[in-house]
Each structure stands twice: as structure tokens, then as C-alpha cells.
Amino acid sequence: MAKTKAEKITSIEEEIRQLENRRRQLVQEQKAQERKDRTKRLCRRILDELTAQNAPTAPAQGAETAAQGNTPHTAKTAHTAREGGAGGDADGGAAQG
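The sequence shown lines up with residues 1 to 97 when you count with this note's numbering.
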């Protein structure tokens, strides 16, 4: 199993190529992770700023939502009452025509 010097050199050069490729791959993975981390930090800062800006208006919006929650229910009741009356007229009108 004695290798010649040329074979040893060739095998070592191949090993060096493989290690260099592995190093490049690891550097690419590291850069990709750093980009993800930067993006995550940026998104977090933006969300924190938006949350901080909207925090003072949150109670007012809560009151509006509560008022709006009651309004559709009342409007729905009125609409249902109108539908019942209009539905009879519409059916009667269709029967006459």
C-alpha cells in the first residue's frame, strides 16, 4: 500500500480542495444567518416603533370598536324589520305583475 510521492501529493491536494469548498460553504451559511439576523432585528425595531406609536391611540380605538360592535347589531335589527316588510311587498308585487 505504499503510495508514490506523486499519489500522496494528489490525494493531499484533493483533500485541500474539499476543505476549501467546505470552508466556502460554511462562510456562505454564516453570511446567510447574519442576513437573517439583521432582517429580524430590523423587523423587530419597526414593529416596536409601530407599537409604541399606536399605544396612545389604543384606548380610543377600543372605545370605537365597542361602539361599532353595538351599532351593527342595532342596524341589523332595523334591517331585518325592513326586510320583513319589504319582502312581503316585493312578493306581493311580483304576484300582481
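For glycine and all other residues, C-beta sits at the position ideal for the given N, C-alpha and C.
By DSSP, does residue i sit in helix, in strand, or in coil?
i, result
"A6", "helix"
"T39", "helix"
"A32", "helix"
"T51", "helix"
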